[in-house]
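Asker:
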Amino acid sequence: MKRLMLILALIVMSFPAGAASVSEDPTEPRVRDLAVLLRCPVCQSENILDSHSSTAREMLVILRERIAEGMSDAEIFEFFRTRYGDYVLLSPPMTGPGRIVWLVPAGLVLLGLGVFMLILARHKRRAARELKDSVLMSPLDASGLKGMEL
Amino acid sequence: MMVQDKRGMFRAWNVFLVVTTFLLTLLGTFLVRSGVLTSVHAFAVDPGRGAYMLGFMTVAMVVGYGLIILRADRLQDDGGISSLLSREAAILGNTVLLLVVTATVMAGTLFPLVVEVFSDAKISIGAPYYNKVIVPIMVALVFLLGLGPSVPWRQMSSKRFVGRFRLPLAFAGLTAVAAVLVSEAGIITLAAIFAVGFAGFASLADIASAIAARRRVMEQGVLRATGDVLTHSRQRIGALIIHFGVVMIGAGMIASGLFQTTQTVAMRIGDRAEAGGYTLTLRELQDTGSANYNARVARFSISRDGELLFEMAPEKRFYPVREMATTEIAIRSSLAGDLYMVMGDEDGQGTVVVRIFWNPLVNWIWLGWLVLLLGALLSLSKPSRRAARSRTPEPIEGVPAE
Amino acid sequence: MTIEVDMPRKKGGLEWKLPLLAALVGLPLLLGIGLTRDPNRIPSALVGKSMPAFEIPYLQRAGMLNSAEHAGKPMLLNFWASWCTTCRVEHPKLVELGVRSQLSDEFSILGINYRDDPARAAGFLNREGHFGYPSGYDERGRLGIDFGVYGMPETFFIDADGVVQARHAGPVTDKVLAKYLPLIGVDP
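Now the structure itself:
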């Protein structure tokens, strides 16, 4: 192990000056964030970042160029939308017929909440009714009441 | 089903859920085979076969749902939910939430079709949409997970409720605050961290208090008490272990989502990059290969605090016979996370583009599954009621009776 | 003592029965209609809009192919490549159209060689027959992306005002021409 370290140390020291600590281009995170929202038109449900197709690669290059030009996110989406239509956006746009898609889940949650509260209320009503009836019939055997649903 | 078993309730619900589950499997088969939708999961466009499957599914739907509609009056409940703070209500809430998730996924899947049929426009709904929309519901589910096993049947006073969950809530609050200080987590992620912290703490606390109660009552040592609790309250402890497994999976997903780092860097030999606390140094770029492929390898040594730890070597291969190029990733898994490297293009002058990923806690997802499985096995290994009765009576627990 | 009472059947429950019934009818209907459609077809976003102007190098001669030079007449723009096997199917039809364009001057027709190798493209033309009209060379597929191309071959039908009237994805056949040529004011 020590010898390995020595050899490696020697190798490292023999590297040309200028070996640097690299970090990523500051625009890259934005490239990634936008790329995962753009669909590769020639693939089956892949975004242009993950796809290996040449069209996706070219679109990624175009994306980087547009970012370098200073286009905003909205302008970039519009750029691709003009060419491929809404289909190229993996997250449906907030305008146009796709808008409803965003309201549907919220609606479903509200529906679920409503159903839940409705069932709860109904059970409580029935429990109260049963309690009232059982009080009226208290002299009867409790097990006998099991055969009755009033 | 547990509620139907114990209290004779939710019969109609259960029939509906069983029928719907079967119908959904038919729907899934139909969707990937018939070519109605494009998807990575669809592997055929076959309207002929699709028509047969649709026919079968329609028949099953008519019979299943039709019977429910016609015979609903025969599926009466014996009892009712008496209080919001009860296990029945929690289970109902759980069912409703899961149904909402199912409905949302189904709506997202079918919506492009609806739009296309009615307006000839073509929209696409992909992963970003589902992530945005399902995560909040899942967060609510995880939170419920922490509540459920500790809420008794029928009802619970609100005072007792607060007392039970004070500690887990406090713990959850602390983790969420810590997350805010340490990272730029958004609201949903903070809620997720809160829910995971809550459910994790609650599950473990329950197991701990069961062991502690047994120790106290039977005056046993910790090991003996743990063993006994595992043997005698299998269903309950198994459930808590399962829930904790789910919490681990949730934590793994959050960490590998929130704290993931990705970088795309251009490196020359000798350059260093940082990821996940490691320093990655490019040592050499080599041509290599085997009988059926040629490859270009980028060898990295990975170190931490100057100490060499291991090597990684992502490569790009070219298979001449098929004229196909592939990338072989290099991955290093540990409990803390996965270090993952992909080799990109070279410029011919000694610079290679590399994508480096650090996915923290991602292996907790797999571990969580293991824990879940163990909990399930424990829970299912419960001996029959008759056999249990002939043994020592049920131990007293410091938790609500089952 | 147990009392047996005739349980009144619980009627109603319409609030969930009706939606269930609706789903029972609606879903198979929707999916049935879906079966009749092609999931891989994408409608072109360019239809009804002006054709994007372009200037790209010629495939087989010096200089640049400029779209403005061909304005004022209906135009057919055909994307092709030597690696596209379906292109061989439509090739004779395209050559025929090229001849007609030369003789009658009713419309112009241009080819765009998409993401191809010029040597291979030349080999393709030598084998299958030359078009008789020029092709531009879209080396990286940029022009294809500007036109929203997602498969090979594709043909755009543009009218005399430069407005895209139709995009056909797939080989050009007599049926296709009969459908789209009238849209740009040409007799099929």
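Residue numbers (the numbering used here), protein chains in the order written: chain A, 1472 to 1621; chain B, 737 to 1138; chain C, -16 to 171. Using N, Cα and C, we set each Cβ at its ideal position, and we do this for glycine too. As the structure is a computational prediction, the values presented were derived from the model and not from experiment.
Tell me, please, which residues DSSP counts as bridged to GLU1014(B).
Answerer: Per the sequence shown, residue 1014(B) should be read as Tyr rather than Glu. According to DSSP, TYR1014(B) bridges with ALA1011(B).
Asker: So, with DSSP's three-state summary, where would you put LEU1560(A)?
Answerer: Correct three-state label for LEU1560(A): strand.
Asker: Pull the bridge partners of PRO171(C) from the DSSP assignment, please.
Answerer: According to DSSP, which records beta bridges pairwise, PRO171(C) is partnered with nothing at all.
Asker: What's the gap between the Cα of VAL850(B) and the Cα of GLY15(C)?
Answerer: If I take the Cα positions, the gap works out to 12 Å.
Asker: Got a sec, what are the start and stop residues for the alpha helix (DSSP H) ALA948(B) sits in?
Answerer: Run containing ALA948(B): 923 to 954, per the alpha helix (DSSP H) assignment.
Asker: My output table needs one value for PRO885(B): the three-state DSSP class, helix, strand or coil.
Answerer: Helix, per DSSP.
Asker: Counting beta carbon pairs with one atom in the stretch 963 to 982 of chain B and one in the stretch 1096 to 1115 of chain B, are three or more of them shorter than 8 Å?
Answerer: They touch, by the three-pair rule.
Asker: Using only CA atoms, which one of GLY1073(B), GLY1012(B) and LEU905(B) lies nearest to ALA987(B)?
Answerer: Per the Cα distances, GLY1073(B).
Asker: Drop a sphere of 10 angstroms on the beta-carbon of HIS968(B), count the other beta-carbons inside from all chains shown, and report buried for 16 or more, exposed for fewer.
Answerer: Counting Cβ neighbours within 10 Å, HIS968(B) comes out buried, since at least 16 surround it.
Asker: Using a Cβ-Cβ cut-off of less than 8 Å, list which residues of the stretch 115 to 129 of chain C approach chain A; keep chain order.
Answerer: Residues ARG123, GLY124, ARG125, GLY127, ILE128 and ASP129.
Asker: Name, going along the chain, the residues of the stretch 21 to 34 of chain C whose beta-carbon falls closer than 7 Å to a beta-carbon of chain A.
Answerer: Cβ contacts with chain A come from ILE25, PRO26 and ALA28.
Asker: Leaving out five residues on either side along the sequence, give the residues of the same chain with a beta carbon under 7 Å from the beta carbon of TYR1076(B).
Answerer: Only ILE1065, ILE1067, PHE1093 and ASN1095 meet the Cβ criterion.
Asker: To which residues does DSSP link HIS151(C) through a beta bridge?
Answerer: According to DSSP, HIS151(C) bridges with THR138(C).
Asker: For GLY1556(A), decide whether its Cβ has a neighbour in chain C, counting only Cβ atoms nearer than 8 Å.
Answerer: Chain C, which has a Cβ nearer than 8 Å to the Cβ of GLY1556(A), makes this yes.
Asker: Give the straight-line distance between the Cα atoms of SER1069(B) and ASN1099(B), rounded to the nearest whole angstrom.
Answerer: SER1069(B) and ASN1099(B): Cα-Cα distance of roughly 8 Å.
Asker: TYR801(B) CB to nearest chain A CB: under 8 Å?
Answerer: For TYR801(B), the answer is no, since every Cβ of chain A falls outside 8 Å of its Cβ.
Asker: Starting from the beta carbon of ARG98(C), find every residue of chain A whose beta carbon is closer than 9 Å, and list them in chain order.
Answerer: Residues of chain A passing the Cβ test: SER1525, THR1526 and GLU1529.
Asker: Find the residues of chain C that neighbour GLU852(B), judging by a C-beta separation of less than 7 Å, and give them in chain order.
Answerer: Here the neighbours are ARG20.
Asker: Just the Cα atoms here: how many angstroms apart are ALA1137(B) and VAL887(B)?
Answerer: Reliability of the predicted coordinates at ALA1137(B) is poor, the pLDDT of 45 falling under 50, and no value is obtained from them.
Asker: Indicate whether at least one CB of chain B lies closer than 8 Å to the CB of LEU216(C).
Answerer: Shown here, chain C extends from -16 to 171; a query on residue 216(C) therefore has no answer.
Asker: Kindly identify the DSSP beta-bridge partner or partners of ILE1067(B).
Answerer: ILE1067(B) is bridged to TYR1076(B).
Asker: Given a cut-off of 8 Å, decide if PRO864(B) and LEU1561(A) are closer than it, judged by their beta-carbon atoms.
Answerer: Going by C-beta atoms, LEU1561(A) is nearer than 8 Å to PRO864(B).
Asker: My guess is that SER716(B) and TYR1558(A) are in contact by the Cβ rule of under 8 Å, so how many angstroms apart are they, rounded?
Answerer: Because chain B in this structure spans residues 737 to 1138, residue 716(B) falls outside the shown range and cannot be described.
Asker: From which residue to which residue does the alpha helix (DSSP H) around GLY957(B) run?
Answerer: Unbroken run through GLY957(B): none, as it is neither H nor E.
Asker: On the three-state DSSP scale, how would you describe ILE95(C)?
Answerer: ILE95(C) falls in the strand class under three-state DSSP.
Asker: Since GLU1529(A) contacts ARG125(C) with CB under 8 Å, what's their CB separation in whole angstroms?
Answerer: At roughly 7 Å, the Cβ-Cβ gap stays under 8 Å, so GLU1529(A) and ARG125(C) are in contact.
Asker: Relative to the alpha-carbon of LEU1591(A), which residue among LEU790(B), ALA825(B), LEU760(B) and VAL1107(B) has its alpha-carbon at the smallest distance?
Answerer: Out of LEU790(B), ALA825(B), LEU760(B) and VAL1107(B), ALA825(B) has the C-alpha closest to the C-alpha of LEU1591(A).
Asker: Under 7 Å Cβ-Cβ, which residues of chain D neighbour VAL1513(A)?
Answerer: This model lacks chain D altogether, as its protein chains are A, B and C.
Asker: Going along the chain, which residues of its own chain have a beta-carbon closer than 8 Å to the beta-carbon of LEU1116(B), five neighbours each way excluded?
Answerer: GLY974, listed in sequence order.
Asker: Under the DSSP definition of a beta bridge, which residues are partnered with MET1048(B)?
Answerer: In DSSP, MET1048(B) forms a bridge with PHE1036(B).
Asker: State the Cα-Cα distance for the pair GLU175(C) and ALA64(C), rounded to the nearest angstrom.
Answerer: This structure gives no information on residue 175(C), because the portion of chain C shown stretches from -16 to 171.
Asker: Find the residues of chain B that neighbour ARG1503(A), judging by a C-beta separation of less than 7 Å, and give them in chain order.
Answerer: By Cβ distance, chain B contributes THR998.
Asker: Using only alpha-carbon positions, find the residue among VAL958(B), ALA1034(B) and ARG747(B) that is nearest to ALA1049(B).
Answerer: Checked all of VAL958(B), ALA1034(B) and ARG747(B); the closest Cα to ALA1049(B) is ALA1034(B).
Asker: Taking the alpha-carbon positions, what's the THR68(C) to PHE107(C) distance?
Answerer: The alpha-carbon atoms of THR68(C) and PHE107(C) are separated by roughly 11 Å.
Asker: Please determine, among ILE985(B), SER894(B) and GLY922(B), the residue with the shortest C-alpha to C-alpha distance to ALA935(B).
Answerer: The option with the nearest alpha carbon to ALA935(B) is ILE985(B).
Asker: For SER770(B), decide whether its Cβ has a neighbour in chain C, counting only Cβ atoms nearer than 8 Å.
Answerer: So yes, SER770(B) belongs to the interface.
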